[in-house]
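*Asks:* Sharing a structure here in structure tokens format.
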Amino acid sequence: MSALRILVPVKRVIDYAVKPRINKAMTGVETVGVKHSMNPFDELSVEESVRIREEKRAPGGVEDIVTISAGPAKSQDVIRTALAMGIDRGIHVELKEGEELEPLTVAKLLKATVEAEKSNLVLLGKQSIDDDAGQTGQMLAGLLGWPQATQASKVEFGEGDSVTVTKEIDGGVETVRAKLPMIVTTDLRLNTPRFAKLPNIMKAKKKKLDKKTLADFGLTSDKKLKILKVTEPPVRQGGGKVEDVGGLVSKLKELGAL
Amino acid sequence: MASRSNVVRALRVPGRCLRLDARAGRTLTTTTTTSNGLPSAAYGRCAATASAPRFFSAATARHAKSTAEMYPSLKRDPKYAEVTKEHVAYFKELLGSSSAVIDGVNADAAGDIEPFNEDWLHKYKGQCRLVLKPGSTEDVSNILKYCNQHKLAVVPQGGNTGLVGGSVPVFDEIVISMARMNTIHSFDEVSGSLVADAGCILEVVDQFLASKGYIFPLDLGAKGSCHIGGNVATNAGGLRLLRYGSLHGSVLGLEAVLPDGTILNDLGTLRKNNTGFDLKQLHIGAEGTIGIITKVSIQCPQRSAAVNVAYFGLESFEKVQEAFKEAKKQLSEILSAFELMDLQSQQLVSKVRPDVQKPLEDDHPFYCLIETSGSNAEHDYAKLEKFLEDVMAKEIISDGVVAQDETQVKTLWSWREGVPECIGHWGGTYKYDVSIPIADMYQIVDDVHARLLEAGLVGDTDEYPVIGTSGYGHMGDANIHLNVAVRRYDSAVEKVLEPYVYEWVAGRKGSISAEHGLGLAKKNYIGYSRDETTIGLMKQIKHLYDPA
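Chains as they are written, first to last, in my numbering: chain G, 1 to 258; chain S, 259 to 806.
Here it is in structure tokens:
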């Protein structure tokens, strides 16, 4: 059984609890001065990778856990959070403020990283809550030619490099098994991410963080898709109140429902 | 981005929902209301908050004995008339809308009236048979004028989240619920002054202000139910007093209806107005004894763009004090809350909510929650981190966590805001909200616990009324909430606690009610915190406003 070398990509997104606002030009959402945090699904993969090690779940042990994030300078904050949660080291691919990557570019970037880091397990969030594309894990599996298990709610390791993954599907779960190396994307029931403890936040500052650029991977941020317009969903029409049953009946008649 | 809502929904899967909703849940704490601390008037007692929050599940719901049965020494003053059908007919005519009157005189409406009769701690229960919900200041004025003429006793009520039995009737007083008066009238985006009806729910007002980049200068656990009128009437303190000060400073003006129906219009929006007596101050904290507040004008500060929260464990109360000193020194202008929770309080929360992840796995005798609010996230975080590293290195704190996102901010706050609700989980809570010079602040919890143990009242089985004693509160304001969690309200427990607690506090020159007010619970104990001259003057003021 080979030792695990886990790669955990993370993304800095607008905080899940913040209500996003569309910018004046209607080309995207307002990001300046808005609280950003780690994508919630990525938090789950960070937590899972650390638990796999702590719970000694893999027979071959965990040799290395590395996280990677592509984004502006502030993306280092989410890398530091991941390091404070227990990941060994980080890679930051620095983009210009406002520069964004499409899922295929991210998948290519991750493929190159998997090869350089000799990773044999990639744990990704099933989607990022900013663009909701939900494609990166699947594209990466395609590019690498590896098996994939999406929307994992449970990840178990067996003899002979086998990995059993319980997946969330409509109306139930589906259990699949494959051999390393493989791709797993995470879903909400997988675990509850921990709080970053103070001593670990301090230690995280001393952990190794490599800085790279897209050019180091031979990639550019050119896009295949162009966003034409971003709009708010239509405002929901408010309901009305009636005084009593009589009022309800006459209202329904008025609306032609009776 | 449209599907962000799907994610939100997706995030609410079982098991995770507590983590995400922790703060949205009803976590009631402080506000209050109460009855006149002054003898005589049954009119009086103002209101804090509205249609009573009922978060107890059916399985744990209890039916309180009526206040008159529990406290036989309370006697109804015979000078007040009983509500008759003629009275009810007048009010129906006056208020017009059928939803504005809950009539238990002509018909049995016990079920509808119950939420107005009973406080949320299930400690006090009145026998009111008529609830009026005025829709305007004129309605309130007409009601009071009529009641004054016909000698009908009334209780103003807001969200009914008060903790001292001031917002519910004792006998058959008419409840005047402010719930229908809930309009936000104006907001000045330059000065930050807001004018709103007394019946506006605190959280609703705060959300409105958030959309304008401002914040309400008061925040408390009961925010989802309490009314701002009740907050002002009871001078609620809450979680951010440390930062934004007391309502005596932030309230700019008031409109109130006096006991005879006169409308007092002092609804200014000016910060400065030195023209004679500042009469509105008398209504702030008067708990409705001299009038019902109908509108409030309040100064709202800019909302901070960057909020950070840290939660840590400490080994002794001495260390807590050192941490507080260091926090003031190193965080100074960005420090917005410094809250204290003892181990017992956190254990009770985790017993009631076993699914919620504990911030720290190990037990510590004390926990503190620090919040910083500022305009620059990086600057604030760097400052907070430096402070935490420093207190960690000096071994002032034993362990700690820092919230990494908004959701964690809310979860950490829920460990403080959820305490009152969780302590009440098994039946009830004896609550003492006292301020004591900071060095002695926690000693009262140990002393009271020792006393209860000695009296043989504490135990794990049903025959013992007391489950445990805990202390938590606003370290920054030297204000501790001493809570005794009980399976039932029991006069034996009450005898051990009172007047012992009040004597203990008076002996250290503390206040027997730091922010909850007097209400019915503390009315008779005012002498422990105020001298005769002061109480005499209060009585004269009450008589001036309400001679009948």
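For every residue, glycine included, the Cβ atom is placed at its ideal position computed from N, Cα and C.
Just list the residues that DSSP pairs S/Ser-469 with in beta bridges.
*Replies:* Against the second sequence, residue 469 of chain S aligns to sequence position 211. S/Ser-469 is not bridged to any residue.
*Asks:* Mind pulling the chain G residues with CB within less than 7 Å of S/Thr-665?
*Replies:* Within the second sequence, the letter at position 407 stands for residue 665 of chain S. What S/Thr-665 touches in chain G: Tyr-16 and Ala-17.
*Asks:* May I have a chain-ordered list of the beta strand (DSSP E) segments no shorter than 3 residues that lie completely inside the segment 4-47 of chain G?
*Replies:* The segment 4-47 of chain G contains these whole beta strand (DSSP E) runs: 4-9, 12-14 and 36-38.
*Asks:* Considering only their Cβ atoms, is the gap separating G/Lys-35 from G/Val-18 smaller than 8 Å?
*Replies:* By one-based count along the first sequence, residue 18 of chain G stands at place 18. By one-based count along the first sequence, residue 35 of chain G stands at place 35. Yes; because the gap between Cβ atoms is below 8 Å, this pair is in contact.
*Asks:* CA-CA distance, S/Ser-631 and S/Arg-501?
*Replies:* One-based indexing of the second sequence puts residue 631 of chain S at position 373. One-based indexing of the second sequence puts residue 501 of chain S at position 243. Approximately 9 Å, taken between the alpha carbons.
*Asks:* How about the segment 147-163 of chain G and the segment 182-194 of chain G: do they share at least three Cβ pairs that are nearer than 8 Å?
*Replies:* Counting Cβ pairs under 8 Å, three or more are found: they touch.
*Asks:* Check whether the segment 2-11 of chain G touches the segment 62-74 of chain G, taking contact to mean three or more Cβ pairs, one atom from each stretch, closer than 8 Å.
*Replies:* Contact between the segment 2-11 of chain G and the segment 62-74 of chain G is present, because at least three Cβ pairs lie under 8 Å.
*Asks:* Buried or exposed: which applies to G/Arg-21, given that a residue is buried once 16 or more other Cβ atoms fall within 10 Å of its Cβ?
*Replies:* The sequence position of residue 21 of chain G within the first sequence is 21, counting from 1. Result: exposed.
*Asks:* Could you spell out the range, first to last residue, of the beta strand (DSSP E) harbouring S/His-443?
*Replies:* Counting from one through the second sequence, the residue named residue 443 of chain S turns up at place 185. That run of the beta strand (DSSP E) goes 442-445.
*Asks:* Return the CA-CA distance between G/Val-122 and G/Asp-161, expressed in angstroms with no decimal places.
*Replies:* Counted from its first residue, the first sequence places residue 122 of chain G at position 122. Counted from its first residue, the first sequence places residue 161 of chain G at position 161. About 14 Å.
*Asks:* Could you check whether the Cβ of G/Gly-276 sits closer than 8 Å to any Cβ belonging to chain S?
*Replies:* For residue 276 of chain G there is no data in the structure shown, the boundaries of chain G being 1 and 258.
*Asks:* May I have a chain-ordered list of the alpha helix (DSSP H) segments no shorter than 4 residues that lie completely inside the segment 612-675 of chain S?
*Replies:* Listed in chain order, they are 635-651 and 664-675.
*Asks:* If we define contact as Cβ-Cβ less than 8 Å, is S/Leu-646 a contact residue for chain G?
*Replies:* Numbered from 1 along the second sequence, position 388 holds the residue referred to as residue 646 of chain S. Yes, contact with chain G.
*Asks:* Whole angstroms is fine: what's the gap from S/Gly-362's alpha carbon to S/Cys-405's?
*Replies:* For this step, residue 362 of chain S is matched to residue 104 along the second sequence. For this step, residue 405 of chain S is matched to residue 147 along the second sequence. Cα-Cα distance, rounded: 17 Å.
*Asks:* Under 7 Å Cβ to Cβ from S/Ile-542, same chain only, skipping five residues before and after it: list those, please.
*Replies:* For this step, residue 542 of chain S is matched to residue 284 along the second sequence. Counting only Cβ-Cβ distances below 7 Å, and skipping sequence neighbours, we find Val-490, Asn-493, Leu-505, His-506 and Val-509.
*Asks:* Take every Cβ of the segment 771-779 of chain S, pair it with every Cβ of the segment 408-424 of chain S, and state whether three or more of those distances are shorter than 8 Å.
*Replies:* Yes: at least three Cβ pairs fall under 8 Å.
*Asks:* Once you ignore the five residues that flank S/Phe-466 on each side, which residues in its own chain have a CB closer than 7 Å to its CB?
*Replies:* To locate residue 466 of chain S, count along the second sequence from 1; it is residue 208. The answer, listed in chain order, is Ile-442.
*Asks:* So, with DSSP's three-state summary, where would you put S/Arg-709?
*Replies:* Here residue 709 of chain S is taken as the residue at index 451 of the second sequence, counted from 1. Three-state DSSP puts S/Arg-709 in a helix.
*Asks:* Counting only Cβ pairs nearer than 7 Å, list the residues of chain G close to S/Ala-563.
*Replies:* Within the second sequence, the letter at position 305 stands for residue 563 of chain S. In chain order: Gly-33.
*Asks:* Who are the near neighbours of G/Glu-99 in its chain, counting only those whose CB is closer than 7 Å to its CB and skipping five residues on each side?
*Replies:* As a working mapping, residue 99 of chain G is identified with position 99 in the first sequence. Correct list, in chain order: Ser-221.
*Asks:* Does the segment 564-573 of chain S come within contact of the segment 619-639 of chain S, defined as at least 3 CB pairs closer than 8 Å?
*Replies:* Short answer: they touch.
*Asks:* What's the gap between the Cα of S/Ala-563 and the Cα of G/Asp-77?
*Replies:* On the second sequence, residue 563 of chain S is found 305 positions in, with the first residue counted as 1. On the first sequence, residue 77 of chain G is found 77 positions in, with the first residue counted as 1. Whole-angstrom Cα-Cα distance: 17 Å.
*Asks:* How many angstroms separate the CA atom of S/Gly-717 from the CA atom of S/Ile-702?
*Replies:* The residue you call residue 717 of chain S lines up with position 459 of the second sequence. The residue you call residue 702 of chain S lines up with position 444 of the second sequence. Distance between the alpha carbons of S/Gly-717 and S/Ile-702: 20 Å.
*Asks:* Quickly, what does DSSP pair S/Asn-737 with across the bridge? List them, please.
*Replies:* Numbered from 1 along the second sequence, position 479 holds the residue referred to as residue 737 of chain S. In DSSP, S/Asn-737 forms a bridge with S/Ser-693 and S/His-732.
*Asks:* Using only alpha-carbon positions, find the residue among G/Leu-214, G/Lys-207, G/Ser-119 and G/Val-184 that is nearest to G/Glu-168.
*Replies:* Numbered from 1 along the first sequence, position 168 holds the residue referred to as residue 168 of chain G. Comparing Cα positions, the closest option is G/Val-184.
*Asks:* Pull up the distance between the alpha-carbon of S/His-408 and that of S/Ser-394, whole angstroms please.
*Replies:* In the second sequence, counting from the first residue as 1, residue 408 of chain S sits at position 150. In the second sequence, counting from the first residue as 1, residue 394 of chain S sits at position 136. Taking the straight line from one Cα to the other gives about 21 Å.
*Asks:* Per DSSP, S/Lys-688 is paired with what?
*Replies:* In the second sequence, residue 688 of chain S corresponds to position 430, counting from 1. Looking at the sequence itself, residue 688 of chain S is Tyr, so the reference to Lys does not match. DSSP, once it has assigned bridges, lists S/Val-742 as partnering S/Tyr-688.
*Asks:* State yes or no: is the C-beta of S/Gly-424 within less than 8 Å of the C-beta of S/Leu-778?
*Replies:* Mapped onto the second sequence, residue 424 of chain S falls at position 166. Mapped onto the second sequence, residue 778 of chain S falls at position 520. Yes, the pair counts as a contact, with Cβ atoms nearer than the cut-off.
*Asks:* Measuring only the C-alpha atoms, how far is S/Ser-469 from S/Val-565?
*Replies:* Position 211 of the second sequence holds residue 469 of chain S. Position 307 of the second sequence holds residue 565 of chain S. About 17 Å.
*Asks:* What do you get for G/Met-85, buried or exposed, if any count of 16 or more other CB atoms within 10 angstroms of its CB means buried?
*Replies:* As a working note, residue 85 of chain G is residue 85 in the first sequence. Answer is buried; the Cβ neighbour count reaches 16.
*Asks:* Taking 8 Å as the threshold (beta carbon to beta carbon), is S/Gln-615 in contact with chain G?
*Replies:* Walking along the second sequence from the start, residue 615 of chain S turns up at place 357. Chain G contact via Cβ: present.
*Asks:* Taking only three categories from DSSP, how would you classify S/Lys-228?
*Replies:* Nothing can be reported for residue 228 of chain S: it is not among the residues displayed for chain S, which extend from 259 to 806.
*Asks:* To the nearest angstrom, report how far apart G/Leu-180 and G/Met-26 are at their CA atoms.
*Replies:* The residue labelled residue 180 of chain G in the question sits at position 180 within the first sequence. The residue labelled residue 26 of chain G in the question sits at position 26 within the first sequence. Roughly 44 Å between the two C-alpha positions.
*Asks:* Which runs of the alpha helix (DSSP H) at least 4 residues long sit entirely within the segment 201-230 of chain G? Give them in chain order.
*Replies:* Correct list: empty.
*Asks:* Just to confirm the assignment: which complete beta strand (DSSP E) runs, minimum length 3, are found wholly within the segment 346-424 of chain S?
*Replies:* List check, beta strand (DSSP E) in window: 359-361, 388-390 and 412-415.
*Asks:* For G/Val-13, collect the residues of the same chain with a Cβ closer than 6 Å to its Cβ; drop the 5 residues on either side in sequence, then sort them by chain order.
*Replies:* The residue you call residue 13 of chain G lines up with position 13 of the first sequence. Hits under 6 Å: Asn-39, Ser-128, Ile-129 and Asp-130.
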